[in-house]
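Numbering (this note's numbering), first residue to last: 744 to 1076. Cβ coordinates follow ideal geometry from the N, Cα and C atoms, glycine included. Have a look at the structure below, then the notes.
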Ligand code: CA
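Rendered as structure tokens:
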């Protein structure tokens, strides 16, 4: 497949293979009305010191999720060559146009970067970013950490996560990195649809992969930003790339054993939460009610837990539409 693809149009303004800490850009040519020979300038930091593993750290895969960019702009500014063994590649805002717009998808092409892999060098701006990660950055990496949160429409209990994988050695290494991250919760994650995801691209290349869902609602909190900053340092220390010991933190393991974890709305209306994030639930408990808003006097629709566990995620806005994910139940160990 790769033999027939043309080279990526993206050029890095800094070297990947020279010792030192460098701040630069991934420059993506983007010709448009206000800049005929213009570019999208995606910030990147490369910190390298001698031989050793490479960590690829990303936030802003979705543009309205903020814990990752907070932790990674901070890390990029503070990395010192002498503290590094190997290499750290930091891209705090992967889908940079989406990040600048504060939206999940790109304002340029409506591209959802985390559904665009493996991407294309002659596709849209979002597809070109995916292709660059697929063919240039991911192959350099040994360990990949991609920060997510719920964005404007979801909110999560703070967790680091990875997936059940066919390669059990890769799976064990990934879960060890999740444990090292030290979020309040650690999730064995089930995806609704894994096609086109960065996660899948990294995992299919055999990388150790960690993702997160650290909060949401289109903002960050002091608590969740702190979890992100400690987590990324812990993952780098665990990998032997950053000097120092992993800062131990208690975590509770959660499982998503089946599609019964997810509850989707079938009607529109006003959502009334009956359980808050992190609270225990039993199968049959009402998680939320949706009140019809077309007229008074109509009965609300109850959404019930189909498993015992805790409320791990919820719809964030006050109004819900048919098809929206209302709630996710995580099963406790
Ligand atoms: Ca996300």
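Own chain, CB closer than 6 Å to residue i, minus 5 neighbours either side, in chain order
i           : result
residue 986 : 826
residue 937 : 943
residue 753 : 769, 771 and 875
residue 801 : 834, 837 and 889
residue 814 : 971, 972 and 975
heavy atom of ligand 1 below 8 Å from residue i C-beta
i            : result
residue 893  : yes
residue 810  : no
residue 1034 : no
residue 956  : yes
residue 977  : no
residue 838  : no
residue 805  : yes
Integer-rounded CB distance, given that residue j should sit under 8 Å from residue i
i            : j            : result
residue 881  : residue 944  : 6 Å
residue 1029 : residue 1052 : That pair is no contact at about 15 Å.
residue 790  : residue 830  : 7 Å
residue 792  : residue 762  : 6 Å
Closest Cα partner of residue i within the set the options
i            : options                  : result
residue 1070 : 1032, 913, 926 and 828   : 1032
residue 965  : 752, 778, 787 and 811    : 811
residue 1072 : 1059, 858, 1021 and 954  : 1021
residue 780  : 824, 762 and 772         : 772
residue 984  : 752, 832 and 801         : 832
residue 1027 : 939, 1046 and 763        : 1046
residue 1025 : 755, 935, 1035 and 1004  : 1004
residue 981  : 1017, 917, 775 and 1034  : 917
residue 899  : 1063, 1056, 1062 and 994 : 1056
residue 995  : 928, 914, 912 and 954    : 928
residue 1049 : 1023, 1036 and 1040      : 1023
Contacts around residue i, its chain only, beta-carbon distance under 8 Å, and the 5 residues preceding and following it disregarded
i            : result
residue 1065 : 1008, 1009, 1010 and 1011
Own chain residues within Cβ distance below 7 Å of residue i, not counting five before or after
i           : result
residue 894 : 805, 807, 808, 847, 959 and 961
residue 816 : 835
residue 797 : 829, 830, 832, 883, 884 and 885
residue 939 : 858, 859 and 860
Subject >> Contact the stretch 754-774 vs the stretch 782-797: 3+ CB pairs below 8 Å >> reply: yes
Report yes or no: do three or more beta-carbon pairs, one from the stretch 988-997 and one from the stretch 916-929, lie closer than 8 Å?
-> yes
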